[in-house]
Amino acid sequence: SLRDYCEFAEKSVDENQSLKIIMDKVGVYDCDKLEAKIGKKLNLSYQGVESIKPISFLKALVKLDLTGNIITDIRGLEKNRNLRKVELSENLIEDISPLFSLPSIEKIEADRTNVASISAGDLPFSLKRLSLKETPYARDMVASAKAPEDSRVRICDSFSRKCVQSSKQEVSWSDSLSM
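Residues in the sequence shown are numbered consecutively from 7, following the working numbering.
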């Protein structure tokens, strides 16, 4: 539970850092009231978040923005069964597969991360958009002119200013920006 995690985090400097960021952002310093105050949306973009562990206890979350932090591992977010939209761009993440088990996930943005591979066969049926712009995966896909197997995935590389999608047609760079 979040209450148990709060008690644990008070004793650990590493765990306390992310919890303190959340509390500061929301303006609530009582763990018993924190989840109710956060509700369904949490925006922690550019806050220096390192660990998602306290977030994994926020069961009501539907939308989560973690853009621009220093997160390397998102294991635990699969516990947030109500998540529909997750923004992870500009983090050090290499693996986004924990999100693929979420039953209602509709949108994942992981642009400018270290994601180097995904298995299209693992993508959830509910997923409507996966964005992996400027990732090692995107550079490899665009450079090899390989198209992702799944029509919901569009891969773009800003260096070459090209995109590919499942139709195996190149998509113009300006079209990719409006996606």
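Glycine residues also receive a C-beta, built at the ideal position from the N, C-alpha and C atoms. Just so you know, these numbers come straight off a predicted model, no measurement behind them.
(request) Output the distance between the C-alpha atoms of Asn-22 and Lys-134, rounded to the nearest integer angstrom. (result) Counting from 1 along the sequence shown, the entry for residue 22 is found at position 16. Counting from 1 along the sequence shown, the entry for residue 134 is found at position 128. Their Cα atoms are separated by approximately 35 Å.
(request) Determine the DSSP secondary structure at Asn-22, reduced to helix, strand or coil. (result) Position 16 of the sequence shown, counted from the first residue, corresponds to residue 22. Correct three-state label for Asn-22: helix.
(message) Helix, strand or coil, according to DSSP, for Asp-71 in the structure here?
(response) By 1-based counting over the sequence shown, the position of residue 71 is 65. It is a strand residue.
(request) With Ile-114 as the anchor, note down where its beta strand (DSSP E) starts and where it stops. (result) Within the sequence shown, residue 114 is the residue found at index 108, counting from 1. Note, Ile-114: beta strand (DSSP E), 113-115.
(request) Please say whether Ile-111 and Leu-138 have beta carbons closer to each other than 8 Å? (result) Along the sequence shown, one-based indexing puts residue 138 at 132. Along the sequence shown, one-based indexing puts residue 111 at 105. No.
(request) Just tell me which of Asn-75, Phe-63, Ile-28 has its CA closest to the CA of Ser-51. (result) Indexing the sequence shown from 1 puts residue 51 at position 45. Ranking the options by Cα distance to Ser-51, first place goes to Asn-75.
(request) Flag this pair as yes or no: are the beta carbons of Leu-94 and Glu-115 separated by less than 8 Å? (result) Residue mapping note: residue 94 aligns to position 88 of the sequence shown, counting from 1. Residue mapping note: residue 115 aligns to position 109 of the sequence shown, counting from 1. Against a cut-off of 8 Å, the Cβ pair of Glu-115 and Leu-94 comes out as a contact.
(message) For a quick check, are the C-beta atoms of Ile-80 and Pro-104 less than 8 Å apart?
(response) To locate residue 80, count along the sequence shown from 1; it is residue 74. To locate residue 104, count along the sequence shown from 1; it is residue 98. Cβ atoms of Ile-80 and Pro-104: closer than 8 Å.
(request) Within its chain, find whatever has a CB closer than 7 Å to the CB of Ser-132; leave out the 5 residues flanking it on each side and keep chain order. (result) Position 126 of the sequence shown holds residue 132. Excluding positions up to five away in sequence, the list reads Pro-109, Ser-110, Ile-111, Glu-112.
(message) With the cut-off set at 8 Å, would you say Lys-46 and Lys-65 are in Cβ contact?
(response) If you number the sequence shown from 1, residue 46 lands on position 40. If you number the sequence shown from 1, residue 65 lands on position 59. No. Outside cutoff.
(message) Report the start-end ranges of each beta strand (DSSP E) in the segment 23-65 that is 3 residues or longer and not cut off at the edges.
(response) 47-49
(request) Indicate the three-state DSSP secondary structure (helix, strand or coil) for Ser-137 in the structure shown. (result) The count along the sequence shown starts at 1 and reaches residue 137 at position 131. Strand at Ser-137.
(message) Just to confirm, is the Cβ distance from Ser-100 to Asn-120 under 8 Å?
(response) Numbered from 1 along the sequence shown, position 94 holds the residue referred to as residue 100. Numbered from 1 along the sequence shown, position 114 holds the residue referred to as residue 120. A small correction: the amino acid at residue 100 is Glu; Ser does not occupy that position in the sequence shown. Going by C-beta atoms, Glu-100 is nearer than 8 Å to Asn-120.
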